Amino acid sequence: MYLKKTVAAIIPAGKDSNSILKVIQELDATSFTDEIIIVNNGADEKTINFVTKTRARFIKTKKIGLGDCLKEGFRNTKADLIVVISGDGSFMGKDITKLLSYSEDFDTVFGSRTHSPLIGKGSGMTFSRRLVDDLFGKLISILFLSSNLTDVGCTFRLTNRKGLKKVIKYCKSKDEIFLTEWLIEAAKNKVRFTEVPVNFISSTGDRRKENFFFLATRAFKIIYLIFKTYFS
Numbered sequence: 001m002y003l004k005k006t007v008a009a010i011i012p013a014g015k016d017s018n019s020i021l022k023v024i025q026e027l028d029a030t031s032f033t034d035e036i037i038i039v040n041n042g043a044d045e046k047t048i049n050f051v052t053k054t055r056a057r058f059i060k061t062k063k064i065g066l067g068d069c070l071k072e073g074f075r076n077t078k079a080d081l082i083v084v085i086s087g088d089g090s091f092m093g094k095d096i097t098k099l100l101s102y103s104e105d106f107d108t109v110f111g112s113r114t115h116s117p118l119i120g121k122g123s124g125m126t127f128s129r130r131l132v133d134d135l136f137g138k139l140i141s142i143l144f145l146s147s148n149l150t151d152v153g154c155t156f157r158l159t160n161r162k163g164l165k166k167v168i169k170y171c172k173s174k175d176e177i178f179l180t181e182w183l184i185e186a187a188k189n190k191v192r193f194t195e196v197p198v199n200f201i202s203s204t205g206d207r208r209k210e211n212f213f214f215l216a217t218r219a220f221k222i223i224y225l226i227f228k229t230y231f232s
């Protein structure tokens, strides 16, 4: 609980047996999360076994895709504040305090992985990727006259019910592009949001290998989504 508001953490889990326990323990250590919800995103048996040994609630779903998993998590909590964090260990649970500290003034708080001092070795956040994310963020900010953005795909973020309600019906993506779509819709629908830098470290879990083809495809999807939303 944070300032008398209930807090839920939603964690999409893949083959994260090397990291999921650490993620849960770090969140528990903050004493802010009233419930932790793990949503199956292709989790293997070993990962599921680790989860069952904790207080976290595991939700089975046949749909596999980050967007679908997060929506399932949203449907399964009544918390006032909802935190999304990946299960691959690439974020530090302690940084939830950064998101929560802004929750009194903003409906949604997006994490940013692009602040140089907080980027860990092996995180995969290269200079070129930071540059591309920053350019996309600036484009969204300019087109929708929103707050400044530097990261359009961070899996660590917080929203309250008001902020979620304003965007969720417009977010149709089933995969990881859901994260960017959420941000674009927040800008378009004038959600009161801000962005805060978070630690981004080397993953010990199931992070997808992002080659040039993957990144190029992602960039094309984001450009299409930005202008589709702008002209709709």
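So the sequence shown is numbered by UniProt numbering: it starts at 1 and just counts up by one. We treat Cβ as the ideally placed atom computed from N, Cα and C, and that holds for glycine. None of the values given here were measured: they were computed from a predicted structure.
Closest Cα partner of residue i within the set the options
i, options, result
"residue 238", "Ile168, Tyr170 and Phe136", "No information on residue 238 is available, as it lies outside the stretch 1 to 232 that the chain covers here."
"tyrosine 102", "Thr33, Thr30, Lys63 and Asn160", "Asn160"
"arginine 75", "Glu185, Tyr224, Ile168 and Phe214", "Ile168"
"threonine 114", "Asp133, Leu139 and Glu176", "Asp133"
"isoleucine 10", "Ser203, Phe214 and Ala79", "Ala79"
"isoleucine 37", "Thr61, Ser128 and Glu195", "Thr61"
"phenylalanine 110", "Leu131, Met125 and Ile85", "Ile85"
"tyrosine 230", "Asn189, Asp44 and Thr217", "Asn189"
"aspartate 175", "Gly163, Phe144, Leu164 and Ile222", "Ile222"
"lysine 15", "Ala29, Asp44 and Ile24", "Asp44"
"residue 312", "Glu35, Lys138 and Thr204", "The structure shown does not extend to residue 312, since the chain is modelled only from 1 through 232, so no value can be given for it."
"phenylalanine 156", "Val83, Thr54 and Val23", "Val83"
DSSP state of residue i mapped onto helix, strand, coil
i, result
"tyrosine 2", "strand"
"glutamate 195", "strand"
"glycine 91", "It is phenylalanine, not glycine, that sits at residue 91 in the sequence shown. In this structure, phenylalanine 91 counts as coil in the three-state DSSP scheme."
"isoleucine 64", "coil"
"lysine 221", "helix"
Cβ neighbour criterion (16 or more within 10 Å) applied to residue i
i, result
"asparagine 199", "buried"
"threonine 232", "In the sequence as displayed, the identity of residue 232 is serine instead of threonine. Serine 232 should be labelled exposed."
"glycine 67", "buried"
"aspartate 151", "buried"
"proline 117", "exposed"
"serine 19", "buried"
"asparagine 148", "exposed"
"phenylalanine 212", "exposed"
"alanine 56", "buried"
"isoleucine 131", "Sequence check: residue 131 is leucine here, not isoleucine. By the neighbour-count rule (16 or more Cβ atoms within 10 Å), leucine 131 is not buried but exposed."
"asparagine 49", "exposed"
"lysine 166", "buried"
"aspartate 88", "buried"
"phenylalanine 178", "buried"
"threonine 217", "exposed"
"threonine 52", "exposed"
Bridge partners - residue i, DSSP secondary structure assignment
i, result
"serine 112", "Pro197"
"leucine 158", "Val83 and Val109"
"isoleucine 37", "Ile10 and Arg57"
"isoleucine 119", "Phe200"
Proximal residues to residue i (C-beta, below 8 Å), its chain only, five neighbours per side dropped
i, result
"leucine 81", "Tyr2, Lys5, Thr6, Val7, Ala8, Leu100, Ser103, Leu158, Thr159 and Asn160"
"phenylalanine 32", "Met1, Tyr2, Val7, Ile96, Thr97 and Leu100"
"residue 243", "Limits of the chain in this structure are 1 at one end and 232 at the other, which puts residue 243 out of reach."
"isoleucine 140", "Ser146, Leu149, Val152, Leu183, Ile184, Ala187 and Ile226"
"arginine 129", "Leu215"
Close Cβ partners of residue i (< 7 Å) along its chain, the five nearest in sequence each way excluded
i, result
"serine 173", "Gly67 and Glu181"
"arginine 192", "Phe106 and Asp107"
"lysine 121", "Ser202"
"serine 112", "Thr150, Asp151, Cys154, Glu195, Val196, Pro197 and Val198"
"isoleucine 64", "Asn41 and Gly42"
Beta-carbon proximity list for residue i, same chain, < 6 Å, skipping 5 on both sides
i, result
"valine 39", "Pro12, Ile59, Cys69, Glu72 and Gly73"
"glycine 93", "Glu26 and Leu27"
"leucine 21", "Phe50"
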